[in-house]
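In what follows, a single structure is set out as structure tokens and then discussed.
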Amino acid sequence: MRNHKYLKLFSSTLIIGLLLAPRFLYAGATKEAILVKGLIQSVEIIKDPWGISHIYARNQKDLFFAQGLNVARDRLFQLEIWRRQASGTLAEILGRKALKKDIGTRLLKARVNLKQELNHYHLQGEEIITSFVRGINAYINLTRENPELLPLEFKLLGIKPRLWSPEIVISRHNGLFRNARAEVAIAKTVHFIGKEKTRSLLNLHPGNPSLAVDRKIDQSLISDKILELYRAARSAVKFGPEDIVLSDYRNLMAKGSFSDLSLLPRSESFLEAESGSNNWVVSGSLTFTRGPMMANDPHRTQQIPSLRYWVHLVAPGWNVIGGGEPALPGVSIGHNEYGAWGLTIFAIDQEDLYIYETNPANPNQYFYQDSWEEMKVIREKIPVKGEPEVTADLKFTRHGPVLYEDKKNHKAYALRAAWLEIGASPYLASLRMDQSRNWEEFREACSFSRTPSENMVWADREGNISWQAVGITPIRKNWNGLLPVPGDGGYEWQGFIPIKELPHAANPPEGYIATANQDNIPEDYPQPLGFIWTDPYRFARLQEFLGSGRKLTMMEMMNLQQDVLS
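Each residue of the sequence shown is one higher than the last, beginning at 1076 in the numbering used here.
Printed below as a string of structure tokens:
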């Protein structure tokens, strides 16, 4: 019994008290204790009336173990689908219709040094992430001992959850990336209507970037087939009546009673969400309270279960509350005792599509510089429900995964993605932000945040407001990244721009900073970062409102998030 410790769970029907104050438990609370192996000391979890868990631990390992166990207790089926998306094992429960998605997922897997990867996100990243995974697995093991703990969805599909590993947490499948899709679309449009008409349809800026396609590229061969596996990997997970093993439910679905399968979650987290998001920070000079305010409105699809998960984490060195994605430790958007932060997309171009000539005598060879170069081939076996497992040959050039082969025309198309580099798992670097005590520490934490590319804003109790653009940004010396390029060695990245050298600002004279996915690159900024931004009308409205000169209240901040002015 030495390794067994109590995890105490409380549900309170009353307010717990101030979110960052010492905990209070009021009359009317119910208590539950779980004896679980893996804790060093006992941990307390209090659920408030809104379902937010407040986790109190005496050390870091137990804190993240408890976060993992707690989210598994609340979102186990969502975690299982997340795990299958990350590992490319959906066809095992959905059959052949999910096979291309699994192949695409495996192609786009980050094949990195795991220890180096985990410790990028925090100085104790390996400890934090492995503790979180152990917590998830501890709850999965509880369901094996007590099958009645399994949510209904597992019974509908006739499956059981499987154990996690750190590789699932650092998956890139949940990322918002760009702009391989745009490259194909722009190249096709230029081919059909020409450069100038294409330019007139696009709002490209800053500058006047070229839309000239390299002469070595046959534009007539560029088609949507190139991105078929890429799109499949990022597509939503959908269930149909044929996936349900319980006959009563299957019959109801077949009759249309559950036509949209709303009782089963669909993952929308792959969408690029270019409809927009907003954040802003206002200094005390513009507020009635004389303290700064931070507001964030990340526009993501509303769904059940939610893409977001709220939690309050308390342990020595940790006191942070906010929202994140359920499969990730820590908090992505929130506040601690010192400051608050939020994010919106900052549209850095992190992808390039390379086109190769392949050897007619050997399609696994591509021309690079002055000779034929061998593709790396990884053979993987993919389980498929109701069928023998399928063998897939995953091919890679020096630039990245081969998305499509046109053997008739001796072409291959590969993706070079900055998000396949070390430390580019979405949102995980927020672990460093969670412990930031001032702008300098927050900015240092931002320098580890490689994806998604974001506008991070910060406001603190000392009255500071600030902004730092983040994201891993390839340096392209001889092209702008808007169109596919030959993979023969003429178009190579020259490293990455240090994140601290990306645009940033602190305590501007106007007293506020606002971002809304608009082009907010300073005019004198020396490097191209991207050319496709959302229209600036939301930013214009923020400028109008925040720059009005009147003193602002928290209620006005809330109303501005719901603003409908046309």
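Beta carbons: idealized from backbone N, C-alpha and C, even for Gly.
Residue i and residue j closer than 8 Å at C-beta
| i | j | result |
| --- | --- | --- |
| Ala1147 | Ile1215 | yes |
| Ala1213 | Lys1106 | no |
| Ala1255 | Glu1496 | no |
| Leu1302 | Leu1478 | yes |
| His1280 | Asp1599 | no |
| Ala1589 | Gln1618 | yes |
| Asn1411 | Asn1394 | yes |
| Leu1232 | Val1312 | no |
| Phe1476 | Leu1251 | One point to set straight first is that residue 1476 is Pro, not Phe, in the sequence displayed. No, the Cβ-Cβ distance between Pro1476 and Leu1251 is not below 8 Å. |
| Leu1144 | Asp1318 | no |
| Pro1431 | Thr1472 | Pro is not the amino acid found at residue 1431; the sequence shown has Tyr there. Yes. Within cutoff. |
| Ile1423 | Leu1604 | yes |
| Val1639 | Asn1354 | no |
| Trp1239 | Arg1158 | yes |
| Ala1031 | Gly1200 | No information on residue 1031 is available, as it lies outside the stretch 1076 to 1641 that the chain covers here. |
| Gly1064 | Pro1367 | Examination of residue 1064 is not possible in this model, given that the chain is present from 1076 through 1641 alone. |
| Ala1499 | Ile1574 | no |
| Arg1219 | Pro1380 | no |
Beta-carbon contacts of residue i that lie in its chain and below 8 Å, excluding the five residues immediately before and after
| i | result |
| --- | --- |
| Leu1296 | Asp1481, Asn1484, Lys1486 |
| Leu1217 | Ile1109, Val1111, Leu1224 |
| Thr1205 | Leu1193, Pro1241 |
| Thr1391 | According to the sequence provided, residue 1391 is Pro. The question's Thr does not apply to it. Within the same chain, Pro1391 has close Cβ partners Arg1133, Asn1134, Gln1135. |
Chain B contact for residue i (CB, 8 Å cutoff)
| i | result |
| --- | --- |
| Thr1218 | The structure shown contains no chain B; it is built from a single protein chain. |
Alpha carbon of residue i to alpha carbon of residue j, nearest angstrom
| i | j | result |
| --- | --- | --- |
| Tyr1587 | Gly1414 | 16 Å |
| Ser1641 | Gly1351 | 15 Å |
| Gly1405 | Arg1247 | 17 Å |
| Lys1272 | Thr1264 | 9 Å |
| Lys1122 | Ser1128 | 4 Å |
| Phe1523 | Tyr1384 | 22 Å |
| Gly1126 | Lys1451 | 48 Å |
| Ala1504 | Ile1243 | 16 Å |
| Glu1449 | Asn1188 | 23 Å |
| Phe1442 | Thr1164 | 33 Å |
| Ser1117 | Val1386 | 18 Å |
| Val1389 | Leu1138 | 7 Å |
| Phe1152 | Val1459 | 20 Å |
Bounding residues of the alpha helix (DSSP H) (the contiguous stretch that carries residue i)
| i | result |
| --- | --- |
| Gln1142 | 1135-1162 |
| Ala1213 | 1200-1220 |
| Gly1562 | Here Gly1562 belongs to no alpha helix (DSSP H), and DSSP marks it neither H nor E. |
| Thr1273 | 1270-1276 |
| Ala1307 | 1303-1308 |
| Glu1519 | 1514-1521 |
| Ser1505 | 1505-1508 |
| Lys1190 | 1189-1193 |
| Tyr1502 | No alpha helix (DSSP H) holds Tyr1502; DSSP gives it neither H nor E. |
| Phe1229 | 1227-1232 |
| Val1244 | 1241-1244 |
Spatial neighbours of residue i in its chain, beta-carbon cut-off 7 Å, leaving aside the 5 residues before and after
| i | result |
| --- | --- |
| Thr1466 | Arg1454, Lys1456 |
| Ala1262 | Val1288, Gln1294, Ile1297, Leu1558, Pro1559 |
| Met1633 | none |
| Leu1339 | For Leu1339, the pLDDT reaches just 38, beneath the cut-off of 50, and the residue's location in the model is therefore unreliable, leaving the point undetermined. |
| Ser1360 | Gly1586 |
Residue i, enclosing beta strand (DSSP E) - first and last residue
| i | result |
| --- | --- |
| Ile1292 | Neither: Ile1292 is in no beta strand (DSSP E) and is coded neither H nor E. |
| Lys1176 | Looking at the DSSP string, Lys1176 is not in any beta strand (DSSP E); the run it does join, the alpha helix (DSSP H), is 1174-1182. |
| Gln1440 | 1437-1443 |
| Arg1454 | 1451-1459 |
| Phe1571 | 1568-1571 |
| Arg1491 | 1486-1492 |
| Arg1551 | 1549-1551 |
Same chain, Cβ closer than 6 Å to residue i, five either side skipped, listed in chain order
| i | result |
| --- | --- |
| Glu1192 | Ile1245, Ile1497 |
| Ala1185 | Arg1247, Leu1495 |
| Gly1397 | Val1406, Ile1408, Gly1409 |
| Ile1511 | Note that residue 1511 corresponds to Ser in the displayed sequence, not to Ile. Phe1517, Ala1520. |
| Glu1258 | Leu1428, Leu1558, Pro1559 |
| Ala1173 | Leu1165, Ala1166 |
| Pro1501 | Asn1249, Gly1250, Thr1526, Pro1527 |
| Leu1577 | Ala1544 |
Proximity test, residue i beta-carbon vs the ligand MG heavy atom, cut-off 7 Å
| i | result |
| --- | --- |
| Arg1253 | Looking for the ligand MG in the displayed structure turns up nothing, as the structure carries no ligands at all. |
Touching or not, the segment 1361-1381 and the segment 1405-1424, by the rule of three or more beta carbon pairs under 8 Å? yes
Assess contact between the segment 1283-1291 and the segment 1550-1560, defined as three or more Cβ pairs (one per stretch) separated by less than 8 Å. Is contact present? Between the segment 1283-1291 and the segment 1550-1560 there are three or more inter-stretch CB-CB distances shorter than 8 Å, so the stretches are counted as touching.
Does the structure place the segment 1303-1314 close enough to the segment 1169-1185 that three or more beta carbon pairs sit under 8 Å? yes
Would you call the segment 1533-1549 and the segment 1498-1518 in contact, with 3 or more CB pairs under 8 Å? yes
With three or more C-beta pairs closer than 8 Å as the rule, is the segment 1567-1584 touching the segment 1546-1554? yes
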